[in-house]
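Numbers 499 to 944, taken from the working numbering, label the letters of the sequence shown in order. Beta carbons: idealized from backbone N, C-alpha and C, even for Gly.
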Amino acid sequence: MASGIDPAMKMKSLQNNTVHVISLGCSKNIVDSEFLLRQIQAGNLRFIHNAEIIEAGTVIINTCGFIKDAKQESIDTILHYVQAKKEGLIDRLFVTGCLSERYKKELESEIPEVDRYFGVNDLEHVVRHLGIDYRKELKGERVLTTPGHYAYLKISEGCDRTCSFCAIPMIRGRHISKPIESIIDEARHLAGKGVKELILIAQDLTWYGTDLYRKQMLPELLNRLSDMGQFKWIRMHYAYPAGFPKEIIRIMKERNDICRYLDIPFQHISNKVLSNMHRNHSKDQILELIDFFRNEIPGIGLRTTVLVGHPGEGEKEFRELLGFIQDAKFERLGAFTYSEEENTFAAKKFRDVLSEKTKQIRFGEVMKLQRSISRGINSKKMGNILNVIIDGKEGDYYIGRTEADSPEVDNEVLIKKSDGKLIPGNFYNVKITACEDYDLYGEVVT
Ligand code: SF4
499 MASGIDPAMK MKSLQNNTVH VISLGCSKNI VDSEFLLRQI QAGNLRFIHN AEIIEAGTVI
559 INTCGFIKDA KQESIDTILH YVQAKKEGLI DRLFVTGCLS ERYKKELESE IPEVDRYFGV
619 NDLEHVVRHL GIDYRKELKG ERVLTTPGHY AYLKISEGCD RTCSFCAIPM IRGRHISKPI
679 ESIIDEARHL AGKGVKELIL IAQDLTWYGT DLYRKQMLPE LLNRLSDMGQ FKWIRMHYAY
739 PAGFPKEIIR IMKERNDICR YLDIPFQHIS NKVLSNMHRN HSKDQILELI DFFRNEIPGI
799 GLRTTVLVGH PGEGEKEFRE LLGFIQDAKF ERLGAFTYSE EENTFAAKKF RDVLSEKTKQ
859 IRFGEVMKLQ RSISRGINSK KMGNILNVII DGKEGDYYIG RTEADSPEVD NEVLIKKSDG
919 KLIPGNFYNV KITACEDYDL YGEVVT
């Protein structure tokens, strides 16, 4: 971000009681911002979210502190608004979220221009510092920042796992499940707002309930959410492989509103690297789990994430990972490069020997392979008729998604606008007429 504020973004019109909330990072941060926006709304303050313009009375940056690149983006955003404050375009600057939780002391001394730094569990404090009351009775209520037909539903906070590369347990703390009744209340609130697609998120979705109910309660929660009969699609993100509750797949088979889609980060396949990563599961367990998913639900959309360059990943282990990706043919795959995060087990135990260049080369090889796999999967969909939800418009096209596509992270279906008027949030049967590496093209068929 440029140091001076771009004149094009300066508008003198906004009153000082406007609060501009900026959400960085993952969908869990978006949910936190939505709870904050509901409190701001109830306090009769004007608010904007992730807007291009600069001016506002108060800017609140909800930061990400997960890995190097995300941290850099958060710091750049803070410095951008420090500059805006120096230029008198904003009155106050608050910073909250994971970066602020993790590095509060360092940030307070290095960027003192920020009026106040808050942690990840400081919603009430942030609200009070805006000069409005914190309204307890609004618990579970949010102002949605996603298109109105889909919303994220965060079912727990924190994580009990000990993945060696991950700083999240240090930031978000131990795993705390939300009581099932308050999740159902929140889902009812979202249904009342017209949400048709519910996306379940957590740091570790499959561990839900183990603290509160002494057993994995995700199957029970899925049944309860499906019994509401309010959602067309209920989608799951961030499942953990070890101790995966297979009952979920039986429920997915029985209930049409549970998407035949599962996001389950495997991170790697080499037993040596999985052990260094403290993932508590083996190559064989991963392969058995994938077979189970594909045998039980043929055509299931599997999304995974892999991490390249972790200490212990030599050329042999990396080739093993490429072989796994080639064989497993995930419908959706994302990749990260190992970023040494201080105070993590990996940072204390291992030396980060691989150069950034080597990590980037490996990242490139993984994504090049996945691109060809995705192309192959897409080409088999030619002529198929798929159920597609419309998210919006871009240029000459309506943008939609299939059951195997989660918003923001997966593929899209593009439908020419000239084909007729389509309503965002509505579902249409679409015949696939063309495909690219990731996206599909199609026409609506009645
Ligand atoms: S499951 Fe592992 S990678 Fe995911 S948040 Fe927990 S510790 Fe981090």
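Need the endpoints of the alpha helix (DSSP H) that residue 623 sits in, please.
If you number the sequence shown from 1, residue 623 lands on position 125. Unbroken alpha helix (DSSP H) run through residue 623: 621-627.
Just the C-alpha distance for residue 889 and residue 618, rounded to the nearest angstrom, thanks.
As a position in the sequence shown, residue 889 is number 391, starting the count at 1. As a position in the sequence shown, residue 618 is number 120, starting the count at 1. Cα atoms of residue 889 and residue 618: separation of roughly 30 Å, rounded to the nearest angstrom.
Can you tell me whether residue 509 is helix, strand or coil according to DSSP?
Looking up residue 509 in the sequence shown gives position 11. For residue 509, the predicted model reports a pLDDT of 47, less than 50, meaning its position is unreliable; a value from the coordinates is still stated below. Under the three-state reduction of DSSP output, residue 509 falls in the coil class, being neither helix nor strand.
Residues with a Cβ closer than 6 Å to any heavy atom of the ligand SF4, in chain order?
657, 659, 661, 664, 666, 667, 701, 702 and 738
Mind checking whether residue 943 and residue 927 have CB atoms under 7 Å apart?
By one-based count along the sequence shown, residue 943 stands at place 445. By one-based count along the sequence shown, residue 927 stands at place 429. Yes.
Quick check: what's the CA-CA separation for residue 883 versus residue 699?
By one-based count along the sequence shown, residue 883 stands at place 385. By one-based count along the sequence shown, residue 699 stands at place 201. Using only the alpha carbons, I get a separation of about 29 Å.
Does DSSP classify residue 816 as helix, strand or coil?
Indexing the sequence shown from 1 puts residue 816 at position 318. Note: residue 816 maps to helix in three-state DSSP.
Would you be able to state if there are at least three C-beta pairs under 8 Å between the segment 753-771 and the segment 734-743?
yes
Would you kindly work out how many angstroms separate the C-alpha atoms of residue 588 and residue 602, rounded to a whole number?
Position 90 of the sequence shown, counted from the start, is the residue given in the question as residue 588. Position 104 of the sequence shown, counted from the start, is the residue given in the question as residue 602. Their Cα atoms are separated by approximately 22 Å.
Check whether the Cβ atoms of residue 548 and residue 520 sit closer than 7 Å, and answer yes or no.
By one-based count along the sequence shown, residue 548 stands at place 50. By one-based count along the sequence shown, residue 520 stands at place 22. The answer is yes: Cβ separation under 7 Å.
Tell me the rounded alpha-carbon separation between residue 939 and residue 905.
Against the sequence shown, residue 939 aligns to sequence position 441. Against the sequence shown, residue 905 aligns to sequence position 407. Residue 939 and residue 905: Cα-Cα distance of roughly 17 Å.
For residue 559 and residue 628, I'd like the C-alpha separation in whole angstroms.
The residue labelled residue 559 in the question sits at position 61 within the sequence shown. The residue labelled residue 628 in the question sits at position 130 within the sequence shown. Answer to the nearest angstrom: the Cα atoms are 14 Å apart.
Considering residue 595, what are the terminal residues of the beta strand (DSSP E) in which it resides?
Start at 1 with the first residue of the sequence shown, and residue 595 comes out as number 97. Note, residue 595: beta strand (DSSP E), 588-595.
In this structure, does DSSP put residue 615 in helix, strand or coil?
The residue you call residue 615 lines up with position 117 of the sequence shown. Strand at residue 615.
From residue 670 to residue 526, what distance separates their C-alpha atoms?
Position 172 of the sequence shown, counting from 1, holds the residue named residue 670. Position 28 of the sequence shown, counting from 1, holds the residue named residue 526. Cα to Cα, residue 670 sits roughly 11 Å from residue 526.
How long is the line joining the alpha carbons of residue 658 and residue 673, rounded to whole angstroms?
As a first step, residue 658 must be located in the sequence shown, where it is residue number 160. As a first step, residue 673 must be located in the sequence shown, where it is residue number 175. Going from the Cα of residue 658 to the Cα of residue 673 covers about 5 Å.
With C-beta atoms as the reference, is residue 522 less than 7 Å away from residue 572?
Counting from 1 along the sequence shown, the entry for residue 522 is found at position 24. Counting from 1 along the sequence shown, the entry for residue 572 is found at position 74. Yes; because the gap between Cβ atoms is below 7 Å, this pair is in contact.
Residues in the same chain with beta-carbon distance under 7 Å from residue 507, minus the five sequence neighbours each way, listed in chain order, please.
On the sequence shown, position 9 is the one that residue 507 refers to. Per-residue confidence for residue 507 stands at a pLDDT of 49, beneath the threshold of 50, marking its modelled position as unreliable; no derived number is given.
Going straight from the alpha carbon of residue 693 to that of residue 648, what length do you get?
For the purposes of this step, residue 693 is taken as the residue at position 195 of the sequence shown. For the purposes of this step, residue 648 is taken as the residue at position 150 of the sequence shown. Approximately 5 Å, taken between the alpha carbons.
Evaluate the contact criterion for the segment 607-626 versus the segment 790-807: three or more CB pairs, one atom per stretch, below 8 Å.
In this structure the segment 607-626 does not touch the segment 790-807; the number of beta carbon pairs closer than 8 Å is below three.
When you compare only the Cα positions, how much space is there between residue 641 and residue 713?
Reading the sequence shown from its first residue, position 143 is the one you call residue 641. Reading the sequence shown from its first residue, position 215 is the one you call residue 713. Rounded to whole angstroms, residue 641 to residue 713 spans 32 Å at the Cα level.
Considering only residues of the same chain and omitting the five flanking positions on each side of residue 632, which have a CB-CB separation below 8 Å?
Position 134 of the sequence shown, counted from the start, is the residue given in the question as residue 632. 537, 621, 622, 625 and 626.
Could you pull the DSSP bridge partners for residue 650 from this structure?
The count along the sequence shown starts at 1 and reaches residue 650 at position 152. DSSP output for residue 650 lists 697 as bridge partner(s).
Taking the beta carbon of residue 972 as the centre, do at least 16 other beta carbons fall within 10 Å, making it buried, or is it exposed?
Because the chain here runs from 499 to 944, residue 972 falls outside it and cannot be looked at.
From what residue to what residue does the beta strand (DSSP E) around residue 888 run?
The count along the sequence shown starts at 1 and reaches residue 888 at position 390. From DSSP, the beta strand (DSSP E) with residue 888 extends over 883-892.
By the DSSP assignment, the beta strand (DSSP E) with residue 895 in it spans what residues?
Start at 1 with the first residue of the sequence shown, and residue 895 comes out as number 397. Run containing residue 895: 895-899, per the beta strand (DSSP E) assignment.
Suppose you measure from the CA of residue 864 to the CA of residue 616; what does that come to, to the nearest Å?
Locating residue 864 in the sequence shown gives position 366, counting from the first residue. Locating residue 616 in the sequence shown gives position 118, counting from the first residue. As the crow flies, the alpha-carbon of residue 864 is around 38 Å from that of residue 616.
Restricting to Cα atoms, I'd like to know which of 856, 777 and 933 is closest to residue 816.
Translated into positions along the sequence shown, residue 816 becomes position 318. Residue 816 has its Cα closest to that of 856, out of 856, 777 and 933.
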